[in-house]
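Protein chains in written order, with the working numbering: chain A, -10 to 196; chain B, -10 to 196.
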């Protein structure tokens, strides 16, 4: 199983951390607030450890479990400490009305992370179409995108260790349309579905 | 059941027409080439009729089954003949490499149709995430978007008559992100899934 670092101590960090531990992964929790990181690591149990903010994470895969507008600044702050890592961006840069993206250009947080990250760092977009409580309670499909095949394979293996199906959408530029799929998912919740108890998925023929 | 006009005589017109007839709808086929329209109407059977290109369609719902770059010009050509109709745009304005949209701005064919259509015409985006052969053989979810609630309700009733589940994604501006979901679907086929025998869908908890 994998060696995972999670940067962030909020709800999504807790949910991914819990599934990661259950899936047999080694988990490190890193927070700007060391006591919150320690609390989360303790809650996760199974040998989850705490890392030090801003220094090289222990995990091969580093999941940025942060608000979308914090992801690029934190990656820039880490700088060379992320060299050689697989950085996973799970963020949804929604606009204030949740019916579009905060950035109007055809980019994504994941693509901006790739620009900010040191050479030798691979970036993968994943998990952003999944509501947190659905990730906690269900078995949603996990769409992902990235330019580095080896990095994607390791994230796919991690996703499988969580008991979930990874679905490769292609190169990192597809992160823009995955962020758009996040918009579609929230808008479905606010309109036709009327609740948040579902996940975007694929259904294979024959159905 | 509904009263449907289909403008176009290609594969998508045939597939939607066949399901529409099977669902008990009255179907009119309209083509620039009158003989192709007559051939398709005959193939559909069940009283499917042929309309006259450029004059007011018989159906309350008018499905534009055309290549994406033909939709807006044809709507403009029809002009006032579409007043009062529910116009359904099903197109995918893919770029030449199928990894993005042909238009870089944050718009959609459906939104451009709404600008070109006469007052009193309601536009609904629907069906664009569904591969044609999946619509023929399976029971895919049908995502839709539009600003007119009554028009969306009539398209939803039509989708249900086909034995499919309509999923309202919200206002017409969401058509941009549904076109993006079309990009995601094709890119999934070309990458992680490796074939086109699936549909984008939603899976509800508990799963």
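Backbone N, C-alpha and C fix where the C-beta goes; we use that ideal spot for every residue, glycine too.
- Item | alpha helix (DSSP H) runs wholly inside the stretch 97 to 159 of chain B, at least 4 long, in chain order | 98 to 105, 121 to 126 and 138 to 150
- Report the rounded CA-to-CA distance for residue 49(A) versus residue 143(A), giving the unit in angstroms. 9 Å
- Item | Span of the beta strand (DSSP E) around residue -6(A) | -8 to -4
- Message: Please report whether the beta-carbon of residue 117(A) lies at a distance below 8 Å from any beta-carbon of chain B.
- Response: no
- Message: Within a Cβ cutoff of 8 Å, which residues of the same chain sit near residue 58(B), ignoring the five residues on either side of it in sequence?
- Response: 82 and 91
- Query: Which word fits residue 54(B), buried or exposed, when buried means at least 16 other C-beta atoms lie within 10 angstroms of its C-beta?
  - Reply: buried
- Message: Quick test of your reading: residue 162(B) and residue 88(A), contact by CB under 8 Å. State the CB separation rounded to the nearest angstrom.
- Response: 7 Å
- Any C-beta of chain A under 8 Å from that of residue 136(B): no
- Task: Out of 24(B), 60(B), 30(B) and -1(B), state which residue places its alpha-carbon closest to the alpha-carbon of residue 114(B).
- Result: 60(B)
- Given that residue 176(A) touches chain B, what residues does it touch there, using C-beta distances under 7 Å? 158, 159 and 163
- Message: I'd like to know if residue 22(B) contacts chain A, where contact means its C-beta is closer than 8 Å to some C-beta of that chain.
- Response: no
- Message: Assuming residue 6(B) and residue 19(B) are in contact, meaning their beta carbons sit under 8 Å apart, how far apart are those beta carbons, in whole angstroms?
- Response: 11 Å between Cβ atoms; not a contact.
- Which residues mark the beginning and the end of the alpha helix (DSSP H) in which residue 4(B) is found? 0 to 11
- Query: In whole angstroms, what separates the C-alpha of residue 150(B) from that of residue 46(B)?
  - Reply: 20 Å
- For residue 17(A), write down the residues that DSSP places opposite it in a beta bridge. -6(A) and 38(A)
- Endpoints, alpha helix (DSSP H) assigned at residue 233(A): This structure cannot speak to residue 233(A), because chain A is shown only from -10 to 196.
- Message: Please identify, using Cβ separations under 7 Å, the residues of the stretch 59 to 79 of chain A that lie next to chain B, in order along the chain.
- Response: none
- Message: Under 8 Å, CB to CB, which of the residues in the stretch 178 to 193 of chain A have a partner in chain B?
- Response: 179, 180, 181, 182, 186, 187, 188, 189, 190, 191, 192 and 193
- Task: Could you spell out where the alpha helix (DSSP H) holding residue 192(B) opens and where it closes?
- Result: It is not in any alpha helix (DSSP H) - residue 192(B) instead sits in the beta strand (DSSP E) that spans 187 to 193.
- Bounding residues of the alpha helix (DSSP H) (the contiguous stretch that carries residue 76(B)): Counting along the chain, residue 76(B) falls outside any alpha helix (DSSP H), though it belongs to the beta strand (DSSP E) covering 75 to 78.
- Task: Give me whichever residues DSSP pairs with residue 53(A) in a beta bridge.
- Result: -4(A) and 78(A)
- Message: Which same chain residues end up closer than 7 Å to residue 119(B) when comparing Cβ atoms and leaving out the 5 residues on each side of it in sequence?
- Response: 129, 131 and 188
- Query: Cα-Cα, which of 148(A), 164(A), 122(A) and 192(A) is closest to residue 194(B)?
  - Reply: 122(A)
- Query: In chain B, what lies closer than 7 Å to residue 167(A) by C-beta?
  - Reply: 173
- Message: As a quick exercise: from 23(B), 176(B) and 124(B), pick the residue whose alpha carbon is nearest that of residue 39(B).
- Response: 23(B)
- Message: Are the CB atoms of residue 156(B) and residue 75(A) within a distance shorter than 8 Å?
- Response: no
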